[in-house]
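K.L.:
Residue numbers (this note's numbering): 1013 to 1072.
Shown next, in the form of structure tokens:
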């Protein structure tokens, strides 16, 4: 099983629409992890293109 960057219990707490709790699919955390990894990779690329070795919020 791959490492996840997502805290599933927090996702479940946030999975609401108009105050109604929604169920969370078991494979949602894997897809969220992929998205987060992509965001981080893009931020790293931007930091390097700007001549920095530190990834900052502005790189998002």
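Even glycine gets a Cβ: it sits at the ideal position worked out from N, Cα and C.
1. For residue 1044, which residues of its own chain have a beta-carbon under 6 Å away from its beta-carbon, when the five flanking residues on both sides are left out?
2. Do residue 1016 and residue 1041 have their C-beta atoms closer together than 8 Å?
3. Just the C-alpha distance for residue 1024 and residue 1030, rounded to the nearest angstrom, thanks.
4. Alpha carbons only, please: which of 1036, 1072 and 1047 is nearest the one belonging to residue 1058?
5. Anyone know if the C-beta pair for residue 1036 and residue 1027 falls short of 8 Å?
P.N.:
Quick look at the numbers:
1. Working through the chain shown from its first residue, we reach residue 1044 at position 32. Cβ within range, chain order: 1018.
2. For this step, residue 1016 is matched to residue 4 along the chain shown. For this step, residue 1041 is matched to residue 29 along the chain shown. With contacts defined as CB atoms closer than 8 Å, residue 1016 and residue 1041 qualify as a contacting pair.
3. Residue mapping note: residue 1024 aligns to position 12 of the chain shown, counting from 1. Residue mapping note: residue 1030 aligns to position 18 of the chain shown, counting from 1. Roughly 15 Å separates the two Cα atoms.
4. Taking the first residue of the chain shown as position 1, residue 1058 is located at position 46. Closest in C-alpha terms to residue 1058, from the list 1036, 1072 and 1047, comes 1072.
5. Numbered from 1 along the chain shown, position 24 holds the residue referred to as residue 1036. Numbered from 1 along the chain shown, position 15 holds the residue referred to as residue 1027. Result yes, Cβ atoms of residue 1036 and residue 1027 sit closer than 8 Å.
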